[in-house]
Amino acid sequence: MRLARRTFLHLAVSSAAVPALTRAALAFDYPTRPVHLVVGFPPGTAPDTVARPVSEALAEKLGQQLIVDNRPGAAGNIATGFVAAATPDGYTLLLLLSTNAVNATLYKNLSFNFPRDIVPIGMIGPNTFVLVVSPSLPVKTLSDFIAYAKANPDKLYMASPGVGTTPHVCGELLRMMTGINFVHVPYSGPLMPDLLAGRVQFFFGATPEAIPYIQDGQLRALGLTGTTRLAVLPDVPAISEFVPGYEANGWVGLGAPRGTPTEVVERLNKELVTIDAEPTIKARLLALGIEAKPMAPAEFGAFIAADIKKWSTVIKFAGIEPDGNG
Numbered sequence: 417m418r419l420a421r422r423t424f425l426h427l428a429v430s431s432a433a434v435p436a437l438t439r440a441a442l443a444f445d446y447p448t449r450p451v452h453l454v455v456g457f458p459p460g461t462a463p464d465t466v467a468r469p470v471s472e473a474l475a476e477k478l479g480q481q482l483i484v485d486n487r488p489g490a491a492g493n494i495a496t497g498f499v500a501a502a503t504p505d506g507y508t509l510l511l512l513l514s515t516n517a518v519n520a521t522l523y524k525n526l527s528f529n530f531p532r533d534i535v536p537i538g539m540i541g542p543n544t545f546v547l548v549v550s551p552s553l554p555v556k557t558l559s560d561f562i563a564y565a566k567a568n569p570d571k572l573y574m575a576s577p578g579v580g581t582t583p584h585v586c587g588e589l590l591r592m593m594t595g596i597n598f599v600h601v602p603y604s605g606p607l608m609p610d611l612l613a614g615r616v617q618f619f620f621g622a623t624p625e626a627i628p629y630i631q632d633g634q635l636r637a638l639g640l641t642g643t644t645r646l647a648v649l650p651d652v653p654a655i656s657e658f659v660p661g662y663e664a665n666g667w668v669g670l671g672a673p674r675g676t677p678t679e680v681v682e683r684l685n686k687e688l689v690t691i692d693a694e695p696t697i698k699a700r701l702l703a704l705g706i707e708a709k710p711m712a713p714a715e716f717g718a719f720i721a722a723d724i725k726k727w728s729t730v731i732k733f734a735g736i737e738p739d740g741n742g
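Note that the numbering used here has the sequence shown beginning at 417, numbered continuously upward.
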């Protein structure tokens, strides 16, 4: 049976409109069931402790349960790969970390392409790390530390929670910018006992993790990786005060699978911006070392692209190779 031209064109236009109508309906109704927020690290770790208050606040805004789904392993790549392969309907989200920007260069044979396969929703905020040293190290300032490292290249050991982690690349950026040398010691378990005992001499620690040790004198703080001082550590300078241009903040945000409807991404970003502005959430994030700093999806995407480029340069300079297959 042959269709009249007018009927055929009407059906063709109607068919083309279905996906758009479906997306619009999805955005209008979204969400109608619980949303999963996938975290690439175990419960109780720093990323997980950020995901909890954010998920609670976001659930209240969305009117649906937000389930924190921990999928640790391979420096967060297992979680990222899971979300990249998920149905792009807004019901599977990813807690994005600065680690993702490092991994984009560090791991060569992943099943996904991070900047291509994950859509940025918005930033939650940056977090500053602090360079701490064992009190047994005979240095009082960052200038002392740099001079000591140059004079004793084989005697300085830097601890980190693993190859390619933010604390690791913070140190490699300092190496690249100052010409110091040291031995990197990655840990798969707790590193603080060795640092406190002086078996390793320094570490770029997350601020909330390091503050108790700094306050009771068990560790000495020499510099912050952000460009400004922190109210909680007013006497600790930014490393950039001694090394102009140094900046190595971590950051946390939200992402979704490629193909997630724009309307859903914009709805989630809107709620994230609202959450970031709430005094109670800002205070909870600040206690975790996160300064609330929302970004629109496009702005966040450009930020991530710049971060990938920055860490790519550091990784290539330092010759960093992953300690696993990712």
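Every residue, glycine too, gets a C-beta built ideally from N, C-alpha and C.
Taking 9 Å as the cut-off, the Cβ atoms of Asp723 and Ser514 count as close.
Of the candidates Thr465, Leu511, Pro469 and Tyr564, Leu511 places its Cα closest to the Cα of Leu453. The alpha helix (DSSP H) runs lying completely inside the region 597-651 and spanning 4 residues or more are 608-613 and 623-631, given in chain order. With a cutoff of 9 Å on beta-carbon distance, Ile630 and Val546 are scored as near each other. By the CB criterion at 9 Å, Pro536 and Leu688 fall outside the cutoff.
Counting along the chain, the unbroken alpha helix (DSSP H) around Asn519 starts and ends at Ser514 to Leu522. Using a Cβ distance threshold of 9 Å, Asn597 and Asp632 do not count as a contacting pair.
Apart from the 5 residues on each side of it in sequence, Phe716 sits with its Cβ closer than 7 Å to the Cβ of Pro536, Gly538, Met539 and Gly669 in its chain, given in chain order. Burial is judged here by how many other beta carbons sit within 10 angstroms of a residue's own beta carbon; Ile483 has fewer than 16 and is exposed. Distance from the CA atom of Ala520 to the CA atom of Pro653, rounded to whole angstroms, is 31 Å.
The alpha-carbon separation between Met608 and Ser550 amounts to approximately 10 Å. In the three-state reduction of the DSSP assignment, Ala501 falls in the coil class. Counting the other CB atoms within 10 Å of its CB gives Gly580 a total of 16 or more, which places it among the buried residues. Put simply, the backbone Cα of Ala637 is about 16 Å away from that of Ala613. Contact annotation: the region 522-535 touches the region 498-511, with at least three C-beta pairs closer than 8 Å. Look at the region 646-680 and you find these whole runs of beta strand (DSSP E), each 3 residues long or longer: 666-673. Note on the region 522-586: whole beta strand (DSSP E) runs with a minimum of 3 residues are 534-543, 545-549 and 573-576, in chain order. Within a 10 Å sphere around the beta-carbon of Val599 sit fewer than 16 other beta-carbons, which makes this residue exposed. Sequence-distant Cβ neighbours of Pro458 in its own chain, meaning closer than 8 Å and more than five residues away, are Asp464, Asn486 and Pro488. Exclusion of the five residues before and after Thr623 leaves Thr544, Val546 and Gly705 as the residues of its chain whose Cβ lies within less than 6 Å of its Cβ. Taking 9 Å as the cut-off, the beta carbon of Ala500 is found no closer than this to the beta carbon of Leu522. When rounded, the separation of the alpha-carbon atoms in Ile655 and Gly541 is 20 Å. For Thr582, the closest C-alpha among the options Gly621, Arg615, Met593 and Pro606 is that of Gly621. Residue nearest to Ala714 within the set Asn685, Glu694 and Pro450 is Asn685 (criterion: CA-CA distance). For the pair Ala664 and Val585, the CB atoms are nearer than the 9 Å cut-off. For Val730, the CB contacts under 7 Å within the same chain, skipping 5 residues up- and downstream, are Val585, Glu588, Leu589 and Met592 in chain order.
If you check the CB distance, Phe561 and Phe619 do not come in under 9 Å. Following the DSSP letters along the chain, one finds Ile483 inside the beta strand (DSSP E) bounded by residues Leu482 to Asn486. For Thr643 and Arg683, the gap between their C-alpha atoms comes out near 32 Å.
Per DSSP, reduced to three states, the secondary structure at Thr448 is coil, with no helix or strand assignment. In the DSSP assignment, Thr508 forms a beta bridge with His452. Contact annotation: Val455 and Leu558 have beta-carbon atoms that are not nearer than 9 Å. When the beta-carbon positions are compared, Gln480 and Pro531 stay at least 9 Å from each other.
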